[in-house]
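Student:
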Amino acid sequence: MSDLPRKAVTRTAKLAALPLGFAGRATWGLGKRIGGKSAELVAREVQQRTADQLFKVLGELKGGAMKLGQALSVFESALPEEVAGPYRAALTKLQEAAPPMPSGTVHAVLEERLGENWRELFLEFADTPSAAASIGQVHRAVWHDGRDVAVKVQYPGAGEALLSDLTQLSRFARVLGPLIPGMDIKPLITELRDRVSEELDYEQEARSQQDHAEEFADDPDVVIPEVVYQSDQVLVTEWMDGVPLADVIAEGTPEQRDRAGQLLARFLFSGPARTGLLHADPHPGNFRLLPPDEGSGGEDGEESRWRLGVLDFGTVDRLPGGLPQPIGDSLRLALEGEAAAVYELLREEGFVKESVDLDPDAVLDYLLPIIEPAQVEEFTFTRSWLRAQAAQIADLRSPAHQLGKQLNLPPAYLLIHRVTLSTIGVLCQLGATVRLRDELEAWLPGFLPEYEEEDAAREPVEDEREGVTPELVEDAPAGA
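First residue of the sequence shown: 32, per my numbering; consecutive thereafter.
#1: Are the Cβ atoms of A365 and D392 separated by less than 8 Å?
#2: Mind checking which residues open and close the alpha helix (DSSP H) that includes D469?
#3: Between R363 and S335, how many whole angstroms is the CB-CB distance? I'm expecting something under 8 Å.
#4: In three-state DSSP terms, what is A405?
#5: Check for me: the beta strand (DSSP E) holding F153 runs from which residue to which?
#6: So what does DSSP say about K183, is it helix, strand or coil?
#7: Among the residues of its own chain, which have a CB less than 7 Å from the CB of E472, if the five just before and after it don't count?
#8: Buried or exposed: where does L354 fall if 16 or more other Cβ atoms within 10 Å of its Cβ makes it buried?
#9: Taking all protein chains shown into account, do 16 or more other C-beta atoms lie within 10 angstroms of the C-beta of G62, making it buried, or fewer, making it exposed?
#10: For D494, does the count of other Cβ atoms within 10 angstroms reach 16, so buried, or fall short, so exposed?
#11: For V383, which of K436, F412, D360 has the nearest alpha-carbon?
#12: In terms of residue numbering, what span does the beta strand (DSSP E) encompassing H175 cover?
#13: Looking at C-alpha atoms only, which residue of E143, L152, V169 is the closest neighbour of M132?
#14: On the three-state DSSP scale, how would you describe E257?
#15: Below 8 Å on the Cβ atoms is my contact criterion, and I expect L193 with V227 to pass it. Report the Cβ-Cβ distance as a whole number of Å.
#16: Can you name, in chain order, every residue of its own chain whose Cβ lies under 7 Å from the Cβ of T268, other than the five neighbours on each side?
#17: Using 8 Å as the threshold, is the region 308-318 in touch with the region 152-161, meaning 3 or more CB pairs across them?
#18: Three-state secondary structure (DSSP) at F247?
#19: Does the distance from the C-beta atom of P351 to that of E380 stay below 8 Å?
#20: I need the boundaries of the alpha helix (DSSP H) containing H448, first residue and last residue.
#21: Could you pull the start and end residues of the beta strand (DSSP E) that L339 belongs to?
#22: Residue range of the alpha helix (DSSP H) that T136 falls in?
#23: Throw me the rounded Cβ distance for the E21 and G345 pair, which I believe falls under 8 Å.
#24: Could you tell me which residues DSSP puts in a beta bridge with S262?
#25: If you follow the beta strand (DSSP E) that Q348 is in, where does it begin and where does it stop?
#26: So what does DSSP say about T159, is it helix, strand or coil?
#27: For R466, is the classification buried or exposed, using 16 other Cβ atoms within 10 angstroms of its Cβ as the cut-off for buried?
See below:
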């Protein structure tokens with residue numbers, strides 16, 4: 032049997048205890064204040080206890096509970112600094128590891144899916160998992176042809192657990208709201224629930240990963256492991272070493288942080304243009320920083336030539352034409368100060384409903400702080416900057432909060448929005464200085480005026496920072 036709790040009553044009881052625990056700690060905090068402790072100190076202690084319980088439960092249950100924890104982990108940068116520490120430690124644990132299932136269960140799954148002689152497919156197989164995540168865990172092995180591989184094994188009952196958890200979590204999403212200021216948790220849970228079938232479909236994941244691996248095969252900056260073998264509930268891919276992005280966040284050099292941030296932004300915007308797919312799970316556990324290959328032109332250890340390794344393509348957004356051009360158009364118009372044009376475009380795309388009438392200048396004022404990284408040649412993403420954005424939106428008295436409540440997020444943009452916010456969260460965790468505008472100009476349709484896009488398509492420009500001449504994709508949309 033798997034150690035993933037499969038009975039709905041067991042999982043529901045654990046999750047239902049969370050809001051009761053929150054309420055109990057609030058009462059405990061009130062008692063402490065009456066007893067003379069300062070409000071600030073009591074609040075910090077309550078936050079600490081809340082973080083410890085919440086993420087302990089989310090990690091133990093795996094399934095949808097841990098999936099929510101991973102999705103929240105990239106937003107710890109938005110927390111006030113005085114309470115971010117307790118969350119940071121607990122959330123980081125969810126990015127790379129969870130309690131593993133017993134080796135006997137792993138063997139049973141492999142025998143069921145690969146056949147009784149499954150061991151003959153491997154020269155070596157490590158029973159101790161190298162990583163355990165929300166719906167499966169990864170074992171390092173050596174394939175029968177000698178290649179080092181990662182064997183991803185899905186937890187038995189993972190689908191049932193995902194749906195049960197997310198349904199239960201949505202019932203008290205309002206209680207979780209204060210954990211991440213300025214963020215509405217319920218739409219996030221709903222969107223995660225809608226993606227359950229994709230997360231469980233290893234055949235679809237294999238296709239998405241292989242599409243990326245083939246497109247980025249000769250890329251000097253981004254590395255995607257090849258798919259070796261796929262079966263129901265089992266996915267075998269080439270093994271990838273490297274420095275986990277969580278380690279770069281914790282102790283990386285400034286050069287490594289900047290390099291990782293630049294490549295993360297590049298992958299976010301170039302992926303849809305090159306593959307028609309958007310990697311939709313950008314938490315640090317899915318990325319590695321890799322040293323340059325021998326003979327690649329970079330000296331050993333030279334951070335400017337390090338590459339970004341990307342893992343886990345279980346959730347993708349299908350964008351055959353690349354990122355929607357209205358994103359680039361509205362961003363360019365906002366930077367040009369064209370309030371009326373931006374407002375009209377947002378209305379056409381459904382961000383402003385027909386029943387709502389807003390002041391175009393107020394909408395532009397709302398957008399400008401958020402798009403600040405695109406206004407300059409390079410921008411340093413920091414936790415303090417993200418906290419300021421989150422605090423402004425979360426402040427019930429602020430004009431930004433009132434206006435934000437009247438805006439709408441069309442379904443077609445929901446996943447793009449979450450991926451963008453998540454990526455910004457990771458960039459702020461890195462504290463990376465990034466030339467974001469370079470990536471927008473290269474890959475985001477509509478960001479450059481049409482005449483500049485045509486010139487860029489005709490004449491590739493040498494990227495002096497990286498020493499790379501970007502290859503133009505023949506079928507890529509304008510601006511790519």
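In this text, a Cβ means the ideal position worked out from N, Cα and C, and glycines have one as well.
Only a predicted model underlies this, so the values are computations on that prediction, with no experimental measurement involved.
Tutor: So, to answer that:
#1: no
#2: 467-474
#3: Contact flag wrong, Cβ pair sits at about 29 Å.
#4: helix
#5: 153-156
#6: strand
#7: F478, L479
#8: buried
#9: Low per-residue confidence applies at G62: pLDDT is 41, beneath 50, and the placement is therefore not dependable, though the value from the model is reported in the following sentence. With fewer than 16 other Cβ atoms within 10 Å, it is exposed.
#10: Because the pLDDT of D494 is 42, which lies under 50, any placement of that residue in the model is unreliable, and the question is left without a value.
#11: K436
#12: No beta strand (DSSP E) holds H175; DSSP gives it neither H nor E.
#13: V169
#14: Here E257 carries a coil assignment [DSSP, helix/strand/coil].
#15: 5 Å
#16: So the list reads V180, A181, Q240, P256, E257, V258, V259, once near-sequence residues are dropped.
#17: No: the two stretches stay apart, fewer than three of their Cβ pairs being nearer than 8 Å.
#18: coil
#19: no
#20: Per DSSP, the continuous alpha helix (DSSP H) segment holding H448 begins and ends at 442-461.
#21: 338-341
#22: Start and end: 134-145.
#23: Here the chain comprises residues numbered 32 to 511, so residue 21 is not present and cannot be evaluated.
#24: V265
#25: For the record, residue 348 in the displayed sequence is Asp; it is not Gln. Counting along the chain, the beta strand (DSSP E) containing D348 begins and ends at 347-349.
#26: coil
#27: buried
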